[in-house]
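Asks:
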Amino acid sequence: MSDVSAAPGEELAVDRSKMRVSSTEVAIEMVDVNKWYGEFHVLRDINLKVMRGERIVVAGPSGSGKSTMIRCINRLEEHQKGRIVVDGKELTNDLRKIDEVRREVGMVFQHFNLFPHLTILENLTLAPIHVRRMPRREAEEVAMLYLKRVKIPEQAHKYPGQLSGGQQQRVAIARSLCMNPRVMLFDEPTSALDPEMIKEVLDVMVGLAEEGMTMVCVTHEMGFARQVANRVIFMDAGQIVEQNEPEAFFTNPQHDRTKLFLSQILH
Amino acid sequence: MSNPSVYVRAAMAPAQPAPRSTVGVAGWLRTNLFSSLWNTVLTLLAIALIVSIVVPTVRFTLVDAVWSGEGREACLAANGACWAYVKAYLPQFIYGRYPIDERWRVDLVYAMLALGLVLLMVPRIPAKGATLAFMLLVFPVVAFVLLTGGGLELDGGLIPDDVMAPSAFRFWIEYGAVCAVLLALAAALAAWQGASVARTLRNLAAALAVLAVVLLAVSVDVGLEHVETANWGGMLVTLVVAVTGMTASMPLGVLLALGRRSNMPVVRLASVVFIEVWRGVPLITVLFMSSVMLPLFLPSGVTIDKLFRALVGVALFNSAYMAEVIRGGLQAIPRGQYEAARALGLGYWQMMRMIVLPQALRLVIPGIVGSFISLFKDTTLVLIIGLFDFLGQIQASANSATWASPVTGISGYIFAAFVYWIFCFGMSQYAGFVERRLDTGYKR
Ligand SMILES: Nc1ncnc2c1ncn2[C@@H]1O[C@H](COP(=O)(O)OP(=O)(O)O)[C@@H](O)[C@H]1O
Ligand SMILES: [Mg+2]
Chain F
2 MSDVSAAPGE
12 ELAVDRSKMR
22 VSSTEVAIEM
32 VDVNKWYGEF
42 HVLRDINLKV
52 MRGERIVVAG
62 PSGSGKSTMI
72 RCINRLEEHQ
82 KGRIVVDGKE
92 LTNDLRKIDE
102 VRREVGMVFQ
112 HFNLFPHLTI
122 LENLTLAPIH
132 VRRMPRREAE
142 EVAMLYLKRV
152 KIPEQAHKYP
162 GQLSGGQQQR
172 VAIARSLCMN
182 PRVMLFDEPT
192 SALDPEMIKE
202 VLDVMVGLAE
212 EGMTMVCVTH
222 EMGFARQVAN
232 RVIFMDAGQI
242 VEQNEPEAFF
252 TNPQHDRTKL
262 FLSQILH
Chain D
4 MSNPSVYVRA
14 AMAPAQPAPR
24 STVGVAGWLR
34 TNLFSSLWNT
44 VLTLLAIALI
54 VSIVVPTVRF
64 TLVDAVWSGE
74 GREACLAANG
84 ACWAYVKAYL
94 PQFIYGRYPI
104 DERWRVDLVY
114 AMLALGLVLL
124 MVPRIPAKGA
134 TLAFMLLVFP
144 VVAFVLLTGG
154 GLELDGGLIP
164 DDVMAPSAFR
174 FWIEYGAVCA
184 VLLALAAALA
194 AWQGASVART
204 LRNLAAALAV
214 LAVVLLAVSV
224 DVGLEHVETA
234 NWGGMLVTLV
244 VAVTGMTASM
254 PLGVLLALGR
264 RSNMPVVRLA
274 SVVFIEVWRG
284 VPLITVLFMS
294 SVMLPLFLPS
304 GVTIDKLFRA
314 LVGVALFNSA
324 YMAEVIRGGL
334 QAIPRGQYEA
344 ARALGLGYWQ
354 MMRMIVLPQA
364 LRLVIPGIVG
374 SFISLFKDTT
384 LVLIIGLFDF
394 LGQIQASANS
404 ATWASPVTGI
414 SGYIFAAFVY
424 WIFCFGMSQY
434 AGFVERRLDT
444 GYKR
C-alpha cells in the first residue's frame with residue numbers, strides 16, 4: 002500500500018511564477034496574543050506576522066490551539082491579551098471593525114458549513130448581496146464565475162445535501178471567494194474528506210496560491226505544505242514552537258516535539 | 004482457471020417473483036392482520052369495536068336525523084340528530100349577534116382572509132412576499148375597521164387635561180414627541196454600539212411612519228356603523244381570537260426564543276422570566292385576570308375592550324409556548340452554521356433571519372402546528388369570561404325555549420366537534436404537505 006495522505010501532495014502541479022511575498026505590506030499581525038477558555042490557557046504569547054502573499058501552513062497535534070488561533074484572526078474567538086491587526090484594522094470590541102475584517106477575510110471549515118436550506122448559487126450570492134450590497138444579477142454572475150473555477154458550475158441549482166464532500170468543500174471555497182477576500186483561512190479543509198476527494202480540494206487551494214492569495218492553512222497535508230507553503234508553523238500546547246521554510250522544517254526540525262510530531266505524521 | 008472446481012456465474016441471475024403469500028390483497032391481509040392467532044384475535048376485536056361505534060353514529064347523524072322542520076316539534080319527533088335546529092341557528096353560529104344588515108362586513112373579512120391564505124399556501128402562486136406583507140400590515144387594519152366600524156377615538160393622555168383638552172390634535176402632538184424621543188434614544192444607542200446611525204434612524208422612522216398611518220386609518224370615520232365587540236360571536240370570535248393569537252405568537256415567540264439564548268444577561272433573564280411565568284399559569288387564569296383583575300389596576304374612566312384584553316392574554320400566553328417550541332429548533336442548528344454566517348460578515352439579525360431561523364422553524368413545524376391546533380381549541384375558553392365564541396354560541400342556543408329537546412344539545416355539540424375537527428385536521432394536513440415540500444434532502 003502506498004501512503005495515501007502523502008500521495009495527493011506529490012501529484013500537485015504548482016506554478017510558482019506569480020507567488021510573490023510582499024516585503025512591506027503586512028496582512029496579519031499577532032502580537033503577544035493570549036487566550037483562555039475559563040481557566041484553560043489555550044493560546045500563549047502567540048507572535049505571528051503574515052506578509053501579503055504569504056502561504057502559511059500551521060501544523061501541530063490535536064488540541065494544540067491551531068483552530069483557536071486562526072479563529073481569532075476573524076474574531077470567531079475573542080482573545081483576552083495582546084493585539085491582532087488584520088489589514089491594518091485592530092480587532093477590538095468595535096463591531097464595525099470586526100465586520101470590516103470579516104468582509105476581507107474568507108474562512109473554510111473542516112465540515113464545510115454550507116447552508117443546507119439554500120441552493121449552491123444562493124449559498125454563494127447571499128453574502129455579496131446582503132453584506133456587500135451587490136445587485137443580485139451581478140452577484141450571480143460572480144458566483145457562476147467562481148463555480149466554474151472550482152469546476153462545478155452544473156451544480157448551481159442543487160442543494161448542498163446532494164453533493165459529495167469534495168464538491169461541498171469546493172463550494173465552500175467558492176463561497177468565500179465571492180466576497181473577494183484579501184486573506185483566506187483554512188481550518189483542516191481536507192480532513193473530513195474521503196481520500197479520493199482530497200486532491201480536488203487541494204488543487205483549488207493550489208490555484209488560489211498561484212494567484213497570489215494570502216493564505217493561512219491548518220492542514221496535515223504535508224505534500225501541500227512542501228510545495229505551496231513558504232513557511233510552516235508548528236504549534237504545541239498553545240505555543241508556536243518552531244517555524245521555518247518547508248524544506249528546512251521537514252529535513253531539519255529543531256525541537257524534539259517537532260521531530261516527534263513529524264515522525265508520527267510522515268511514518 | 005487452474006482450479007476447475009471454481010464456478011463463476013457468467014450472467015446475472017434473473018429476479019425471482021416474491022412468494023405468492025406476501026403480495027396482493029390476500030397477502031397484505033395475511034401479513035398484517037392475521038399473521039398469528041393473537042393478531043387475528045386483536046383484528047376481530049378491533050373490527051367489533053369499530054362496528055359498534057360507527058353503526059350507531061351513522062344511524063344517529065345520518066339515517067335517523069331530521070333535516071328540516073320548524074321549532075322543537077321537529078326535534079322532538081327525531082330519533083337522531085336534529086339538523087333543522089343547526090340550520091336555523093347557523094347564521095348565529097357564524098356571526099353571533101352581529102347586526103344582520105352589517106354582516107356583509109364580516110363576510111368581506113372572511114373572504115379576504117380565505118383569499119390571503121390560499122395565495123400564501125399554494126406554492127405555485129408567486130409574489131409570496133407582497134402577499135405576506137399585505138396580510139400582516141394591511142389586512143389587520145382593514146379587518147379592524149370593517150368589523151368594529153373604525154373611528155377609534157384617539158385623544159392622547161400624556162399632556163394633562165387642564166393644559167390641553169383631549170383631542171385628536173393633542174394625540175398627534177404627543178405621538179410626534181414620543182417619536183422624537185425614541186429616535187434620539189435609538190441614535191444614541193446605535194452610536195454607542197458602533198452600528199450605522201443613519202440606517203438605524205431610517206429603519207425606526209419608517210416603522211414609526213407605518214404605525215402613524217395605521218393609527219390614522221383606524222381613527223378616521225369611514226361612515227360605518229359602530230358594532231360593539233359584545234355583539235360579536237360565534238365563528239367570528241373564534242377566528243379573531245385564533246388568528247390573532249397565531250399571528251402574534253409567532254414573532255413574539257421568535258423574539259423570546261432568541262432572547263433566551265442571547266449573550267446579554269438582562270435580555271436572557273427577562274425572556275426566561277416572561278416565558279416561565281406565562282407557562283406556569285393556566286390559560287383560564289390568564290383570561291380571568293384579564294377580565295376581572297386588570298380593570299382594577301386601570302385608572303378610573305379608562306376601559307379596555309374585553310375582547311381586546313382576551314386577545315392580548317391569548318397572544319402572550321401562546322407566545323411563551325411558541326418560544327419554547329422554537330428554542331428547540333434553534334438548539335438543533337449546528338454551531339458551524341452560525342460560524343459560517345459570521346465569517347461571511349453577516350450581522351446578528353441577518354444571520355438569524357436568513358440562516359438560522361429558516362432552518363430552525365422548518366425543524367419544528369410539527370411543534371408549531373401542534374401549538375396552533377391547541378390554541379384553536381383553547382379559544383373555547385373565552386366562554387368563561389362571557390365572550391360567545393363558536394362553541395359558546397352553540398351552547399347558548401341549545402337551551403333556547405323554541406328548540407329545546409333531548410337531541411338539540413347533542414346535535415349542536417356534534418356539529419361543533421365536526422367543525423373544530425375540520426379546521427384542526429386541515430392544519431395538520433397542510434403542515435405535513437409543507438414539511439414534505441421543504442425537505443431538501445439535507446438530513447443525511
Ligand atoms: N469552546 C471551548 N471551550 C473550552 N475549551 C475549548 C473550546 N474550544 C476548544 N477548546 C480547547 O482548546 C484546546 C485547543 O483547541 P483547538 O484550537 O480546537 O485545537 P486544534 O485545532 O489544534 O486541534 C483544546 O484542548 C480544546 O479542548
Ligand atoms: Mg482544529
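Protein chains in written order, with our numbering: chain F, 2 to 268; chain D, 4 to 447.
Even glycine gets a Cβ: it sits at the ideal position worked out from N, Cα and C.
Predicted model only: the values in this text are computed from it and were never measured.
(1) Relative to the C-alpha of D:Q2, which candidate in D:I176, D:Q398 and D:G435 has its C-alpha closest?
(2) Is the shortest distance between the beta-carbon of D:E342 and the beta-carbons of chain F less than 7 angstroms?
(3) If I follow the unbroken alpha helix (DSSP H) through F:E246, where does it start and stop?
(4) Can you pull out the residues from the stretch 66 to 95 of chain F whose beta carbon lies closer than 7 angstroms to at least one beta carbon of chain D?
(5) Return the CA-CA distance between F:R45 and F:R183, expressed in angstroms with no decimal places.
(6) What is the rounded straight-line gap between the Cα of D:S8 and the Cα of F:P196?
(7) So which of F:M70, F:S63 and F:G64 has the shortest CA-CA distance to F:I57?
(8) So, helix, strand or coil for D:W70, using DSSP?
(9) Between D:G370 and chain F, is there a C-beta pair that is closer than 7 angstroms?
(10) Mind pulling the chain D residues with CB within less than 8 angstroms of F:D100?
(11) Can you find the residues in the same chain that come closer than 7 angstroms, C-beta to C-beta, to D:M249, ignoring five residues on each side of it along the sequence?
(12) Can you tell me where the beta strand (DSSP E) with F:C73 in it begins and where it stops?
(13) Run through DSSP, which three-state label would D:A21 get?
(14) Which residues have their C-beta within less than 5 angstroms of a heavy atom of ligand 1, listed in chain order?
(15) Please determine, among D:W195, D:G197, D:S265 and D:G159, the residue with the shortest C-alpha to C-alpha distance to D:G179.
(16) Who are the neighbours of F:P190 on chain D, taking C-beta pairs under 8 angstroms?
(17) Tell me the DSSP secondary structure of D:W406 in three-state form.
(18) When the Cα of D:L157 is compared with those of D:G332, D:L116, D:R100 and D:A220, which residue comes out closest?
(19) Out of D:L297, D:Y98 and D:W107, which has the shortest C-alpha to C-alpha gap to D:A313?
(20) Quick one: what's got a C-beta closer than 8 angstroms to D:M288's C-beta in the same chain, skipping five residues either side?
(21) Could you check which residue in F:S264, F:M52, F:A157 and F:I47 has the C-alpha nearest to that of F:G83?
(22) Which residues, taken in chain order from the stretch 126 to 153 of chain F, show a beta carbon closer than 7 angstroms to some beta carbon of chain D?
(23) What does the alpha-carbon distance come out to for the pair D:N42 and D:K90?
(24) Can you check whether the C-beta of F:M236 is within less than 7 angstroms of a C-beta belonging to chain D?
(25) Would you kindly check if the distance between the Cβ of F:V87 and the Cβ of F:V102 is under 7 angstroms?
(26) Could you tell me which of D:V225, D:N206, D:D164 and D:R127 sits nearest to D:V144, measuring between CA atoms?
(27) Just to confirm my understanding: we take D:L79, look at its own chain, exclude 5 residues before and 5 after, and list those with CB closer than 7 angstroms. What are they?
(28) Mapping the DSSP letters down to three states, classify F:D237 as helix, strand or coil.
(29) Tell me, which residues are paired with F:A60 by DSSP?
(30) Excluding the 5 residues flanking D:Y324 on each side, which residues of the same chain have their C-beta closer than 7 angstroms to its C-beta?
(31) Could you check what DSSP says for D:G304 in three-state terms: helix, strand or coil?
(32) Kindly list, in the order they appear in chain F, the residues whose Cβ is closer than 8 angstroms to that of D:Q334.
(33) Checking 7 angstroms against the spacing of the C-beta atoms, do D:V184 and D:A193 come in under that value?
(34) Which residue spans inside the stretch 99 to 171 of chain D form an unbroken alpha helix (DSSP H) run of at least 4?
(35) Do we get a CB-CB distance below 7 angstroms when we pair D:G339 with the residues of chain F?
(36) How long is the line joining the alpha carbons of D:V280 and D:G331, rounded to whole angstroms?
Replies: Considering the structure as presented:
(1) Residue 2 of chain D falls outside the range modelled here, since chain D spans only 4 to 447, and no answer is possible.
(2) What you label residue 342 of chain D is simply residue 339 of the second sequence in a count that begins at 1. Yes, contact with chain F.
(3) As a first step, residue 246 of chain F must be located in the first sequence, where it is residue number 245. Element bounds for F:E246: n/a, residue is neither H nor E.
(4) Here the close residues are N75, L77 and D95.
(5) The count along the first sequence starts at 1 and reaches residue 45 of chain F at position 44. The count along the first sequence starts at 1 and reaches residue 183 of chain F at position 182. Using only the alpha carbons, I get a separation of about 27 angstroms.
(6) Numbered from 1 along the second sequence, position 5 holds the residue referred to as residue 8 of chain D. Numbered from 1 along the first sequence, position 195 holds the residue referred to as residue 196 of chain F. About 38 angstroms.
(7) As a position in the first sequence, residue 57 of chain F is number 56, starting the count at 1. Among F:M70, F:S63 and F:G64, the Cα nearest to that of F:I57 belongs to F:M70.
(8) Along the second sequence, read from residue 1 onward, the residue named residue 70 of chain D stands at position 67. Reduced to three states, the DSSP call for D:W70 is coil.
(9) Locating residue 370 of chain D in the second sequence gives position 367, where the first residue counts as 1. Chain F, which has no Cβ nearer than 7 angstroms to the Cβ of D:G370, makes this no.
(10) For this step, residue 100 of chain F is matched to residue 99 along the first sequence. Within 8 angstroms of the CB of F:D100, the CB atoms of chain D belong to G348 and G350, in sequence order along the chain.
(11) As a working mapping, residue 249 of chain D is identified with position 246 in the second sequence. Taken in chain order, the residues that qualify are F375 and L378.
(12) On the first sequence, position 72 is the one that residue 73 of chain F refers to. No beta strand (DSSP E) holds F:C73; the alpha helix (DSSP H) holding it covers K67 to I74.
(13) As a position in the second sequence, residue 21 of chain D is number 18, starting the count at 1. Here D:A21 carries a coil assignment [DSSP, helix/strand/coil].
(14) Look at which beta carbons fall closer than 5 angstroms to any heavy atom of ligand 1; those residues are F:Y38, F:V43, F:S63, F:G64, F:S65, F:G66, F:K67, F:S68 and F:T69.
(15) Along the second sequence, read from residue 1 onward, the residue named residue 179 of chain D stands at position 176. Just measuring C-alpha positions, the residue of D:W195, D:G197, D:S265 and D:G159 sitting nearest D:G179 is D:G159.
(16) Counting from one through the first sequence, the residue named residue 190 of chain F turns up at place 189. Within chain D, no C-beta atom comes nearer than 8 angstroms to that of F:P190; the closest sits roughly 13 angstroms away.
(17) Start at 1 with the first residue of the second sequence, and residue 406 of chain D comes out as number 403. If DSSP states are grouped into helix, strand and coil, D:W406 belongs with coil.
(18) In the second sequence, residue 157 of chain D corresponds to position 154, counting from 1. Of the candidates D:G332, D:L116, D:R100 and D:A220, the one whose C-alpha sits nearest the C-alpha of D:L157 is D:A220.
(19) Counting from 1 along the second sequence, the entry for residue 313 of chain D is found at position 310. Check the Cα spacing between D:A313 and each of D:L297, D:Y98 and D:W107: the tightest is with D:L297.
(20) Mapped onto the second sequence, residue 288 of chain D falls at position 285. Checking the displayed sequence, the identity of residue 288 of chain D turns out to be Thr instead of Met. Only residues of its own chain outside the window of five on either side were considered, and among them none has a CB closer than 8 angstroms to the CB of D:T288.
(21) Your numbering for residue 83 of chain F matches position 82 in the first sequence. Comparing Cα positions, the closest option is F:I47.
(22) Per Cβ criterion, the list reads L127, A128, H131 and V132.
(23) If you number the second sequence from 1, residue 42 of chain D lands on position 39. If you number the second sequence from 1, residue 90 of chain D lands on position 87. Taking the straight line from one Cα to the other gives about 45 angstroms.
(24) For the purposes of this step, residue 236 of chain F is identified with residue 235 of the first sequence, where counting begins at 1. Taking CB atoms only, F:M236 has no neighbour in chain D less than 7 angstroms away.
(25) Counted from its first residue, the first sequence places residue 102 of chain F at position 101. Counted from its first residue, the first sequence places residue 87 of chain F at position 86. Result yes, Cβ atoms of F:V102 and F:V87 sit closer than 7 angstroms.
(26) Locating residue 144 of chain D in the second sequence gives position 141, counting from the first residue. Nearest of D:V225, D:N206, D:D164 and D:R127 to D:V144, Cα basis: D:V225.
(27) Locating residue 79 of chain D in the second sequence gives position 76, counting from the first residue. Here the set comprises S408.
(28) For the purposes of this step, residue 237 of chain F is taken as the residue at position 236 of the first sequence. F:D237 falls in the strand class under three-state DSSP.
(29) Within the first sequence, numbered from 1, the residue matching residue 60 of chain F stands at position 59. Bridge pairing for F:A60: F:F235 [DSSP].
(30) Locating residue 324 of chain D in the second sequence gives position 321, where the first residue counts as 1. If you ignore the 5 residues before and after D:Y324, its C-beta comes within less than 7 angstroms of the C-beta of R282 and S374, all in its own chain and listed in chain order.
(31) Locating residue 304 of chain D in the second sequence gives position 301, where the first residue counts as 1. In the structure shown, D:G304 sits in coil (DSSP, three-state: anything other than H, G, I, E or B).
(32) Taking the second sequence and counting its residues from 1, the one referred to as residue 334 of chain D is at position 331. Residues of chain F passing the Cβ test: none, with the nearest at roughly 17 angstroms.
(33) Taking the second sequence and counting its residues from 1, one reaches residue 184 of chain D at position 181. Taking the second sequence and counting its residues from 1, one reaches residue 193 of chain D at position 190. Contact flag unset, no.
(34) Correct list: 106 to 124, 131 to 136 and 142 to 151.
(35) The residue you call residue 339 of chain D lines up with position 336 of the second sequence. It does: the Cβ of D:G339 has a partner Cβ on chain F nearer than 7 angstroms.
(36) Residue numbering aside, residue 280 of chain D sits at position 277 when the second sequence is read from its first letter. Residue numbering aside, residue 331 of chain D sits at position 328 when the second sequence is read from its first letter. Spanning the alpha carbons of D:V280 and D:G331 requires a straight line of approximately 19 angstroms.
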